[in-house]
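Enquirer: For the sequence shown, position 75 (counting from the first letter as 1) is numbered 75 according to full-length UniProt numbering, and the numbering increases by one without interruption.
Take a look at the following structure, please.
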Amino acid sequence: MTAFITSLSVDSWKRGFLAGIGALSADGVLAVIVFGLSSAIDLGAHVRYVYILGAVVMVGFGLLILRSHESAAPFGRPGWQVYLQGFGLGLGNPFQIVWWFSAGLAFAYAGGALLFAGLFGAIVAYVLGFTLLIHKGVGRHPPTRRWIILGSAALIFAFGGYFVFLAVGGV
Numbered sequence: 001m002t003a004f005i006t007s008l009s010v011d012s013w014k015r016g017f018l019a020g021i022g023a024l025s026a027d028g029v030l031a032v033i034v035f036g037l038s039s040a041i042d043l044g045a046h047v048r049y050v051y052i053l054g055a056v057v058m059v060g061f062g063l064l065i066l067r068s069h070e071s072a073a074p075f076g077r078p079g080w081q082v083y084l085q086g087f088g089l090g091l092g093n094p095f096q097i098v099w100w101f102s103a104g105l106a107f108a109y110a111g112g113a114l115l116f117a118g119l120f121g122a123i124v125a126y127v128l129g130f131t132l133l134i135h136k137g138v139g140r141h142p143p144t145r146r147w148i149i150l151g152s153a154a155l156i157f158a159f160g161g162y163f164v165f166l167a168v169g170g171v
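Below is the structure:
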């Protein structure tokens with residue numbers, strides 16, 4: 001997903017933004033499903049395993065980000081079609097689905113609706129900031145891409161560490 005958004009953002013901030021908002025909409029659908037599951041299903045004694053699964057997924061995604069390359073070509077169309085492409089890719093993206101049903105579920109158990117709202121707010125800020133940063137920064141200074149990748153991976157690893165902390169009896 002990030003490679004798709006990046007490829008569009010390098011040439012057009014608007015196209016990257018629309019694809020990101022499409023993916024964000026897919027996140028919203030998955031978040032509602034996961035939050036509903038966390039409210040309806042009591043994992044009580046097994047929540048530690050949800051945290052561990054979430055940590056594994058976060059570390060895996062961090063490693064994928066570190067290994068990422070600019071391999072995706074911009075293949076979107078202007079306007080609502082780019083949005084729908086982002087939405088369709090997000091809703092059918094196995095990585096997004098796995099993330100929401102592991103790490104997302106861990107977020108739901110760790111902090112409920114407030115943490116979920118904060119997480120979603122962070123995704124909105126990421127979509128807005130990421131597309132603009134890629135378009136302006138990478139377009140003018142290609143080496144900036146490396147720092148974006150390292151910062152994103154570090155943040156994801158930090159959340160993975162937080163889930164491990166919760167799994168071993170943290171707060």
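Ideal placement from N, C-alpha and C gives every residue a C-beta, glycine not left out.
Note that this is a predicted model, so its numbers are computed, not measured.
(1) Taking the alpha helix (DSSP H) that G60 belongs to, which residues open and close that run?
(2) My output table needs one value for G161: the three-state DSSP class, helix, strand or coil.
(3) Report yes if the CB atom of V10 is closer than 8 angstroms to the CB atom of I134, and no otherwise.
(4) Figure out for me which residue from G161, A167, G169 has the closest Cα to the Cα of L59.
(5) Kindly say whether R145, judged by its beta-carbon, lies nearer than 8 angstroms to any beta-carbon of chain C.
(6) Relative to the alpha-carbon of Y126, which residue among F157, S152, Y109 has its alpha-carbon at the smallest distance?
(7) I'd like to check one pair, A106 with V50: are the Cβ atoms closer than 8 angstroms?
Expert: According to the structure data:
(1) 47–66
(2) helix
(3) yes
(4) Residue identity check: residue 59 is Val in the sequence provided, not Leu. Comparing Cα positions, the closest option is G161.
(5) Absent from the structure: chain C. Only one protein chain is present.
(6) S152
(7) yes
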